[in-house]
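Everything on this sheet refers to the single structure shown next.
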Amino acid sequence: MAIDKNKQNDLSAMIVIFGGTGDLTHRKLMPALYNLVHDQLLPKHFAIVSIGRREQTTEHYRKEVFESISAHSRNKIDEKYWAKLRELIYYFKFDFTDQAGYSKLKDFLDELDKKTHTNGNRVYYLAVAPEYFETIAQGLHISALAKTDGSWNKLIIEKPFGKDLKTARKLNQKLIEIFDEKSIYRIDHYLGKEMIQNIMVLRFCNSVFESLWSNKFIDNIQISLNEKHGVGTRGGYYENSGAMRDMIQNHIIQILSLVAMEPPVNLETESIRTEKLKVIQAIDEFTPEYLRENVVFGQYGKGIIDGMPVLGYREEEKVPPHTSTETFVALKLYVNNLRWAGTPFYIRTGKRLGSNSAEIVIQFKSLPKVLYFKDEHIQDPNLLVIRIQPNVGVFFQFNTKDFTSHHDIVPMKMEISHTNQFLGNTPEAYERLIFDILRGDATLFSRWDEVEAAWTVADKIIAYREQKRFHFPNYEAGTMGPVKAFQLLARDGREWWNI
Ligand code: BG6
67 MAIDKNKQND LSAMIVIFGG TGDLTHRKLM PALYNLVHDQ LLPKHFAIVS IGRREQTTEH
127 YRKEVFESIS AHSRNKIDEK YWAKLRELIY YFKFDFTDQA GYSKLKDFLD ELDKKTHTNG
187 NRVYYLAVAP EYFETIAQGL HISALAKTDG SWNKLIIEKP FGKDLKTARK LNQKLIEIFD
247 EKSIYRIDHY LGKEMIQNIM VLRFCNSVFE SLWSNKFIDN IQISLNEKHG VGTRGGYYEN
307 SGAMRDMIQN HIIQILSLVA MEPPVNLETE SIRTEKLKVI QAIDEFTPEY LRENVVFGQY
367 GKGIIDGMPV LGYREEEKVP PHTSTETFVA LKLYVNNLRW AGTPFYIRTG KRLGSNSAEI
427 VIQFKSLPKV LYFKDEHIQD PNLLVIRIQP NVGVFFQFNT KDFTSHHDIV PMKMEISHTN
487 QFLGNTPEAY ERLIFDILRG DATLFSRWDE VEAAWTVADK IIAYREQKRF HFPNYEAGTM
547 GPVKAFQLLA RDGREWWNI
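If you're matching positions, the sequence shown starts at 67 in my numbering and goes up one per residue.
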């Protein structure tokens with residue numbers, strides 16, 4: 067993967083986390099930083115400054131971080147590595163909505179730079195609610211914190227990047243007035259997942275797959291991001307988001323673009339992003355007539371998950387009782403280019419479903435029913451399943467003769483699991499992403515035009531949903547979504563594969 071050579075020779079850096087006491091920092095960022103220390107992947111000179119509104123000492127904050135890492139890290143805490151990380155962490159009390167306060171922050175960071183030898187290189191990580199992105203960027207700007215003076219700066223933005231195309235454009239305009247596009251890292255944490263990175267390797271390093279990777283040999287492609295958990299304490303956020311903005315506009319469209327893209331001319335960041343963009347732009351236009359037949363929205367009602375009763379979406383914290391926000395979407399779409407015309411992509415995602423699994427299923431076309439199709443000889447299609455989580459690996463299904471019955475044909479399942487097979491669990495997405503940010507490799511982050519194209523697609527579907535009335539809830543927690551999501555495929559003589 068390409069490394070941005072621009073001022074990247076010096077990897078020393080300070081990561082400044084806005085939202086240092088928040089959930090993302092405690093559950094994802096700190097455990098990721100711990101594992102980077104554990105795997106000796108952080109630069110020699112490094113510091114972490116966590117910003118929070120709460121009054122507390124660095125000592126106290128470090129204790130909290132220790133608790134979070136103990137609870138969420140994939141590697142158990144080893145005193146040796148913790149001692150190293152601990153010394154890198156500083157807490158700075160600051161209300162980031164106070165524009166006047168940024169100059170104090172600058173003084174603090176500049177002073178710390180001298181002590182930590184981080185050379186003024188900064189990663190500003192906005193682990194805060196999206197409504198603060200502009201405010202913080204502005205504060206960094208007016209205090210000259212965004213200025214580079216022989217050093218480098220990077221701005222890390224969590225999703226959602228805007229609420230629709232219009233707001234995303236406005237936000238982007240504001241950000242590029244302060245940071246250049248190459249310094250903006252728009253996080254889509256799915257891109258940091260091991261098997262998502264593996265999509266390109268599977269496709270472009272295996273002649274058997276790449277030669278068959280088109281509408282000529284593939285019957286349909288399914289992308290499912292199914293979750294058992296509900297919205298939990300995030301009802302307030304989710305109400306303004308729904309599954310369309312929370313999962314489809316970003317994670318699913320990104321996965322789709324990797325699955326369907328043309329081989330890039332090389333592995334440079336921009337070459338890959340350009341090919342991904344073309345896929346999003348080739349998604350067939352959604353008219354209201356098309357959507358009426360090909361999209362299914364759902365919202366969970368109460369039900370049972372893993373033997374425990376759970377609330378319906380409308381009963382969740384901070385969710386209004388008559389809301390029509392969707393917690394499930396299933397959609398059939400086409401990528402209208404020479405490689406994919408005519409091959410349906412079925413995508414679905416939902417909360418409080420009966421399974422917790424993220425998978426891509428490539429269903430190959432069946433052979434003409436000439437041989438071995440009589441009577442009991444029913445052949446299953448060849449399937450290639452890319453398992454993103456909770457199992458991480460690849461599964462391939464092919465037909466073979468059953469040794470025991472002398473005549474039956476049975477589907478054989480070849481499974482390669484990465485979990486625990488080589489060096490323990492696969493790295494968490496955030497480890498990879500932070501590592502890449504420090505090296506200046508933006509391949510696993512979304513370029514602005516990709517985000518823009520994805521909103522163009524999502525906006526049409528959201529607009530359609532907004533003018534419809536639904537009889538929600540329409541699926542029970544613990545099931546696999548509304549009945550209509552099954553009919554969407556059954557109508558085409560297909561089914562969702564749960565392998
Ligand atoms: C986030 C969404 O981006 O991804 C959440 O906001 C969702 O609603 C999460 O639960 C899923 O990520 P993961 O890594 O747990 O599959």
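All residues carry an ideal CB built from backbone N, CA and C; glycine is no exception.
Between residue 293 and the ligand BG6, is the CB less than 7 Å from at least one heavy atom?
Counting from 1 along the sequence shown, the entry for residue 293 is found at position 227. Yes, the Cβ of residue 293 comes within 7 Å of a heavy atom of the ligand BG6.
Using the C-alpha atoms, what's the distance from residue 308 back to residue 230?
In the sequence shown, residue 230 corresponds to position 164, counting from 1. In the sequence shown, residue 308 corresponds to position 242, counting from 1. Rounded to whole angstroms, residue 230 to residue 308 spans 12 Å at the Cα level.
Using beta-carbon positions only, say whether residue 79 and residue 109 come within less than 8 Å of one another.
Locating residue 79 in the sequence shown gives position 13, counting from the first residue. Locating residue 109 in the sequence shown gives position 43, counting from the first residue. In this structure, residue 109 lies closer than 8 Å to residue 79 by Cβ.
Taking residue 430 and residue 448 to be in contact with their CB atoms under 8 Å, please state how far apart those CB atoms are, rounded to whole angstroms.
Mapped onto the sequence shown, residue 430 falls at position 364. Mapped onto the sequence shown, residue 448 falls at position 382. Indeed, because the Cβ distance is near 4 Å, the residues count as touching under 8 Å.
Could you give the first and the last residue of the continuous beta strand (DSSP E) run that contains residue 285?
In the sequence shown, the residue the question calls residue 285 occupies position 219. 284 to 292 is the span of the beta strand (DSSP E), which, as asked, contains residue 285.
Could you check if residue 433 is buried or exposed, using at least 16 other CB atoms within 10 Å of its CB as the buried criterion?
In the sequence shown, counting from the first residue as 1, residue 433 sits at position 367. Residue 433 should be labelled exposed.
On the DSSP bridge assignment, give the partners of residue 524 in chain order.
Within the sequence shown, residue 524 is the residue found at index 458, counting from 1. Partner(s): none; residue 524 has no beta bridge.
Excluding the 5 residues preceding and the 5 following residue 336 in the sequence, name in chain order all residues of the same chain whose CB lies nearer than 6 Å to its CB.
In the sequence shown, the residue the question calls residue 336 occupies position 270. There are no such residues.
Residue closest to residue 414, alpha-carbon to alpha-carbon, out of 404, 500, 360, 368:
Your numbering for residue 414 matches position 348 in the sequence shown. For residue 414, the nearest C-alpha among the options comes from 360.
Please check the pair residue 120 and residue 87, which I expect to be a contact at CB under 8 Å, by giving their CB distance rounded to whole angstroms.
Here residue 120 is taken as the residue at index 54 of the sequence shown, counted from 1. Here residue 87 is taken as the residue at index 21 of the sequence shown, counted from 1. Correct: roughly 6 Å between the Cβ atoms.
Does residue 154 come out as helix, strand or coil in the three-state DSSP assignment?
In the sequence shown, residue 154 corresponds to position 88, counting from 1. DSSP places residue 154 in helix when its eight states are reduced to three.
Who pairs with residue 466 in a beta bridge, going by DSSP?
Translated into positions along the sequence shown, residue 466 becomes position 400. Paired residues: 476.
Taking residue 451 and residue 461 to be in contact with their CB atoms under 8 Å, please state how far apart those CB atoms are, rounded to whole angstroms.
Stepping through the sequence shown from its first residue, residue 451 is reached at position 385. Stepping through the sequence shown from its first residue, residue 461 is reached at position 395. Their Cβ separation, rounded to whole angstroms, is 4 Å, which keeps residue 451 and residue 461 in contact under 8 Å.
Determine, for residue 531, whether the minimum Cβ-Cβ distance to residues of chain C falls below 8 Å.
Going by chain labels, chain C is absent from the structure shown, which holds only one protein chain.
For a test of your reading of the model: does the CB of residue 138 fall under 7 Å from any non-hydrogen atom of the ligand BG6? Yes or no.
For the purposes of this step, residue 138 is identified with residue 72 of the sequence shown, where counting begins at 1. No, Cβ of residue 138 sits at least 7 Å from all heavy atoms of the ligand BG6.
Span of the alpha helix (DSSP H) holding residue 96?
As a position in the sequence shown, residue 96 is number 30, starting the count at 1. Residue 96 -> alpha helix (DSSP H) spans 96 to 104.
Quick one, which of 310, 313, 235, 340 has its alpha-carbon nearest residue 324's?
Position 258 of the sequence shown, counted from the first residue, corresponds to residue 324. Answer by Cα proximity: 340.
Going along the chain, which residues of its own chain have a beta-carbon closer than 8 Å to the beta-carbon of residue 263, five neighbours each way excluded?
Counting from 1 along the sequence shown, the entry for residue 263 is found at position 197. Cβ neighbours of residue 263 beyond the five flanking positions: 257, 498, 510.
Beta-carbon separation (whole angstroms), residue 366 vs residue 418, contact threshold 8 Å:
Here residue 366 refers to the residue found at position 300 of the sequence shown. Here residue 418 refers to the residue found at position 352 of the sequence shown. Right, the Cβ-Cβ distance comes to about 4 Å (below 8 Å), so this counts as a contact.
With 16 other Cβ atoms within 10 Å as the buried cut-off, status of residue 378
If you number the sequence shown from 1, residue 378 lands on position 312. The residue in question, residue 378, is buried, as its Cβ has 16 or more Cβ neighbours within 10 Å.
Run through the region 397 to 459 for me and flag every whole beta strand (DSSP E) of 3 or more residues, listed as ranges in chain order.
410 to 416, 423 to 430, 449 to 455
Which of helix, strand or coil DSSP assigns to residue 252:
Here residue 252 corresponds to residue number 186 of the sequence shown, with the count starting at 1. Looking at residue 252 - three-state DSSP - the assignment turns out to be strand.
Considering only DSSP beta bridges, list what residue 375 is partnered with.
For the purposes of this step, residue 375 is identified with residue 309 of the sequence shown, where counting begins at 1. DSSP lists 370 as partners of residue 375.
Beta-carbon contacts of residue 23 that lie in its chain and below 7 Å, excluding the five residues immediately before and after
Here the chain has residues from 67 to 565 only, and residue 23 is not among them.
Kindly indicate the opening and closing residues of the beta strand (DSSP E) around residue 188.
Here residue 188 is taken as the residue at index 122 of the sequence shown, counted from 1. Looking at the DSSP string, the run of the beta strand (DSSP E) that includes residue 188 is 188 to 192.
Looking at residue 354: is its Cβ nearer than 8 Å to the Cβ of residue 530?
In the sequence shown, counting from the first residue as 1, residue 354 sits at position 288. In the sequence shown, counting from the first residue as 1, residue 530 sits at position 464. Yes.
Would you say residue 312 touches the ligand BG6, meaning its beta carbon is less than 7 Å from a heavy atom?
Here residue 312 is taken as the residue at index 246 of the sequence shown, counted from 1. Answer for residue 312: yes, Cβ within range of the ligand BG6.
Any heavy atom of the ligand BG6 within a distance shorter than 7 Å of the CB on residue 365?
Counting from 1 along the sequence shown, the entry for residue 365 is found at position 299. No, Cβ of residue 365 sits at least 7 Å from all heavy atoms of the ligand BG6.
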